[in-house]
Amino acid sequence: MEALLRLLKAYFRRLRVAVLNADEENRGRGVIGGVAGRETAEDVEVEIDRMAETLFREVLERFQGRYRALREVRVFSEHFPEGYGSEQPTILCFIDPFDGSDEYLKRIESSWYCAVTFTSPDWKPLAAGMVDILAGKIYLIGEGSEEYEPGKRVTTVITLRSEGEEVATPDTRVRVPGTEPAVIAAYMGRSKYLRPLVDMLGPLLPPEETRRRNFRQLTWHGKGGSFVYAWIAAGRLIAYIMPNEPVNEILPGWGFAALAGFPILVMEEDGSWTPFSPAIHWQQTRVRALVAACTEGMARDVIRLIQS
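Under our numbering, the first residue of the sequence shown is numbered 7, with each subsequent residue one higher.
Structural data, given as structure tokens:
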């Protein structure tokens, strides 16, 4: 839906300016309270989160006045898990208005993002977007973006500094071992995640001989969250691995996986791995473990290694 992509672009542009201005003026760093389903030591709601959410409501309301198709939207976020908006929605919205509030709170200028996914009530993905605030890049995918093949859309990357656009084709997403450098993401910012992550990643740290044979270079990116799915769709990452991943960190980025056609696999209580399904998992607080990858084969290879 072209209106959704227009909405995302408008919101992301306004959000970036608002966040950068707030940072320059040292605003938005007060702690409001906890986050549902999280320990305070893990995550808190910061004033910048509330500002970003309020701004989204304003932009959404403005677009609802212009586009009849957007008038029945219900929005879900980590700070409003019960949702707000239409009681009989034709569009569901899952948003992480500001991902990186912990870094913002501590004045660490490294990873400030927002991710959004729109779906129909029966979980058909409609559009998804992500903005890298500090880098000044918007990632968009959905109806109205360039079509590569039936059922698989490509990600448009807009650089805000130059207003230029570039398109990442599926060829840039499929990383073939030995052909180019590869990056895997995993969030390492809290001991709650880092300790089990070390156990999971051990088998993925092969001997030097294996690394030389299979990868020219394998790099670990120690940050995760809903924004990483845009990076996989655009070819920046080959995989994302996480234990105990909150579902509200998956849903805002899930649209990129669904529209670009790469898998998100989650571990069930019985130890089996199944595709992430919003219809099944969206009301869960967390999944035991998650592997997202640029191809099904890559995801299954990673799972075989970490299970061993």
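Backbone N, C-alpha and C fix where the C-beta goes; we use that ideal spot for every residue, glycine too.
- Residues Trp279 and Val297 of the same chain have their beta carbon placed closer than 6 angstroms to that of Ile309, with the five preceding and five following residues left out of the count.
- Three or more Cβ pairs closer than 8 angstroms define a contact, and the region 256 to 263 meets that threshold against the region 235 to 246.
- For Thr125, the uninterrupted beta strand (DSSP E) run begins and ends at Tyr119 to Thr125, by DSSP.
- Here Ile54 carries a helix assignment [DSSP, helix/strand/coil].
- Distance check between Leu265 and each of Leu243, Gln289 and Cys300 places Cys300 closest, using alpha-carbon atoms only.
- Considering only Thr162, Val160 and Ser126, the residue with the shortest C-alpha distance to Ala285 is Ser126.
- A contact between stretches requires three or more CB pairs, one per stretch, nearer than 8 angstroms, and the region 112 to 119 fails this requirement with the region 240 to 251.
- Rounded to the nearest whole angstrom, the C-alpha separation of Ala28 and Leu66 is 21 angstroms.
- Using a Cβ distance threshold of 8 angstroms, Pro103 and Asp55 count as a contacting pair.
- For Leu257, the uninterrupted alpha helix (DSSP H) run begins and ends at Leu257 to Ala266, by DSSP.
- When secondary structure is reduced to three states using DSSP, Ala236 falls in the helix class.
- About 19 angstroms separates the beta carbons of Asn250 and Pro281, which is beyond the 8 angstroms limit, so they are not a contact pair.
- Across the set Tyr110, Val137, Gly71 and Ile270, the C-alpha of Val137 shows the shortest separation from the C-alpha of Tyr119.
- For Met273, the enclosing beta strand (DSSP E) covers residues Ile270 to Met273.
- The beta carbon of Pro252 sits closer than 6 angstroms to the beta carbons of Arg292 from its chain, once the five residues preceding and following it are set aside; these are given in chain order.
- Secondary structure of Ile114 (DSSP, three-state): coil.
- Your pair Arg74 and Gly91 does not check out as a contact, with CB atoms roughly 15 angstroms apart and the cut at 8 angstroms.
- Per DSSP, reduced to three states, the secondary structure at Gly71 is helical.
- In the three-state DSSP reduction, Val204 falls in the helix class (H, G or I).
- Our two residues, Glu302 and Arg33, have alpha carbons roughly 43 angstroms apart in a direct line.
- Beta-bridge pairing by DSSP links Arg292 to Pro252.
- Here Asp128 is exposed. Its C-beta has fewer than 16 other C-beta atoms within 10 Å.
- Residue environment analysis places Thr162 among the buried positions, since at least 16 neighbouring C-beta atoms fall within 10 angstroms of its C-beta.
- By the Cβ neighbour-count rule, Ile270 is buried, with 16 or more other Cβ atoms within 10 Å of its own.
- From the listed residues Phe124, Ala9, Ala134 and Gly267, the smallest Cα separation to Gly71 is found for Ala9.
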